[in-house]
Structure formats: C-alpha cells, structure tokens
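**Q**
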Amino acid sequence: SQQGEEDPQALSIQEGENATMNCSYKTSINNLQWYRQNSGRGLVHLILIRSNEREKHSGRLRVTLDTSKKSSSLLITASRAADTASYFCATDAPGRLAFGKGNQVVVIP
Amino acid sequence: NAGVTQTPKFRVLKTGQSMTLLCAQDMNHEYMYWYRQDPGMGLRLIHYSVGEGTTAKGEVPDGYNVSRLKKQNFLLGLESAAPSQTSVYFCASSYGLASSEEQYFGPGTRLTVT
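The listed protein sequences correspond, in order, to chains P and S. Following the numbering used here, the numbering of the first sequence begins with 40 at its first residue and continues without gaps. Following the numbering used here, the numbering of the second sequence begins with 37 at its first residue and continues without gaps.
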C-alpha cells in the first residue's frame, strides 16, 4: 500500500520562523491530507489538497502538491510555541488513509 | 458535541487477558476506524467500518476483533492480549469515504500488556 513519508523527521526552530516539512508518496493519489498531533493527543485535521490542486492555504498554513514528483510540502509561517507537535501526511488508499511516520516540530519560545 | 470519545484512557493487561475498547461519536458519521500508533511507525489501520453492522480488516487486523452494532459506537476487542499489542490506540470517524474526507480522532487509549 502507498504511504506518505515525511522529511525531515525532526525540526527545531525559533518562534517566529517558518517551518517546512515534506512528504513523498509512491503511487498516484486523489487527495493528500495533513494532520497535527500534539503530545498525548489525537490527530487533528489541518488541510486536504486534491490531486488537481497545486497549492492551498489555511491561515498560517500553506500546502503544495506536486503530483509529477509525488510530493507535498507543508509550510507553517510565523511559527508559535503552540505549533510544537508532530505533523503527518496521509494519502488515499482503497477505503482508507495511509499515514506517514510523522515529522516532529519543536518551536522554541 | 463531544466529537469522538474513547474509553478507557489507560489500561494495563497481563498477557492472555482480554479487554474491549469503546469508541463513540456523536457526529452521525458513517465511517469509523481503529488505529494503533507505535513509536516510529506512524498510524496503522486495524479495522474499519463503513456503516452500522459492517466491519472490514485494515493493515494489521490479527489479534483484534471489532463490532459496530450501533452507528455511533465502534468496539475493538482483544481476546488474548500479547506484549506486541502494547500501543496507543486511536479511534476515528468520518462522514464519507476516508480518502476524500477529513477524519476526526479520539484522544487515544494507552494500553500496556505485561
């Protein structure tokens, strides 16, 4: 089954900086989603981008999708301490989502 | 709305014991899912349900059973717990097909099998 893989695995940045993380996948997709998980909590949906979209924005989040390279990126602008979390991409598979292993972001106040 | 709730939050079992994890959602979602999350492994789908009375196997179904007798509830059972089932278990639900809809997650159940 296809699975998103985030890169880099862990990222530490200063508050106010931008954070970028990438996700690659192996097979063609219809949609790609990004989720956030704060420590000890469940996942929270951030954004869904469809295969015919190249870029999508939601507040301080910007997601890009390059289907020719089978990759997506998530940019968080003007990071805050509250953005400290793990971020997962998820690609569509028959009847379900296939999650990547996650990308830990630490925002230092 | 409570969203997706899970009980219990924590549980310690001895090898061979059984238990049932309960997931409830109040959003009238058709689809419900059980995942396990292990360090460095991301989330892996155990079983899922596309509606009341239906269940299907996910990526890692062995050692687990599920039931969806009511639309709002999805139960995950471990008949004979093994240390390899030590994990954090998450329930999720969605209105439509998982691949095209966002999923709503519960807070998780941390299970330790000794």
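We treat Cβ as the ideally placed atom computed from N, Cα and C, and that holds for glycine. Since this is a predicted model, take the numbers as computed values, not measurements.
Does the distance from the CB of N70 of chain P to the CB of L87 of chain P come in under 8 Å?
**A** Taking 8 Å as the Cβ cut-off, N70 of chain P and L87 of chain P qualify as a contacting pair.
**Q** Please go through the same chain and pick out, in chain order, the residues whose beta-carbon is closer than 7 Å to the beta-carbon of G94 of chain S, but skip the five residues on each side of it.
**A** Taken in chain order, the residues that qualify are L81, I82, H83, Y84.
**Q** According to DSSP, is S103 of chain S helix, strand or coil?
**A** In the structure shown, S103 of chain S sits in a strand (DSSP, three-state: E or B).
**Q** Is A120 of chain P helix, strand or coil by DSSP?
**A** DSSP places A120 of chain P in helix when its eight states are reduced to three.
**Q** Would you decide whether L85 of chain P is buried or exposed? Buried here means 16 or more other CB atoms lie within 10 Å of its CB.
**A** The residue is buried, with at least 16 neighbouring Cβ atoms inside 10 Å.
**Q** In angstroms with no decimal places, state the Cα-to-Cα distance between T122 of chain S and R146 of chain S.
**A** Going by the C-alpha atoms only, they are around 8 Å apart.
**Q** Could you spell out where the beta strand (DSSP E) holding I52 of chain P opens and where it closes?
**A** 49-53 is the extent of the beta strand (DSSP E) around I52 of chain P.
**Q** Tell me whether V48 of chain S is buried or exposed, calling it buried when 16 or more other Cβ atoms sit within 10 Å of its Cβ.
**A** Classification of V48 of chain S: exposed, given that the 10 Å Cβ count is below 16.
**Q** Got a sec, what are the start and stop residues for the beta strand (DSSP E) M60 of chain P sits in?
**A** Where M60 of chain P is concerned, the enclosing beta strand (DSSP E) stretches over 58-63.
**Q** If you compare alpha carbons, which of P:N77, P:S97, P:V83, P:T130 is closest to T106 of chain P?
**A** The shortest Cα separation from T106 of chain P among P:N77, P:S97, P:V83, P:T130 belongs to P:T130.
**Q** Curious, which full-length beta strand (DSSP E) runs of at least 3 residues does the region 64-92 of chain P contain?
**A** For the region 64-92 of chain P, whole beta strand (DSSP E) runs of length 3 or above, ordered along the chain, are 70-76, 82-89.
**Q** One question on the structure: do S110 of chain P and S63 of chain P come within less than 8 Å of each other, judged by their Cβ atoms?
**A** Contact: yes.
**Q** When burial is assigned at 16 or more other CB atoms within 10 Å of the CB, is G98 of chain P buried or exposed?
**A** By the neighbour-count rule (16 or more Cβ atoms within 10 Å), G98 of chain P is not buried but exposed.
**Q** Determine the extent of the beta strand (DSSP E) in which D74 of chain S is found, giving its start and end residues.
**A** First-last of the beta strand (DSSP E) with D74 of chain S: 67-74.
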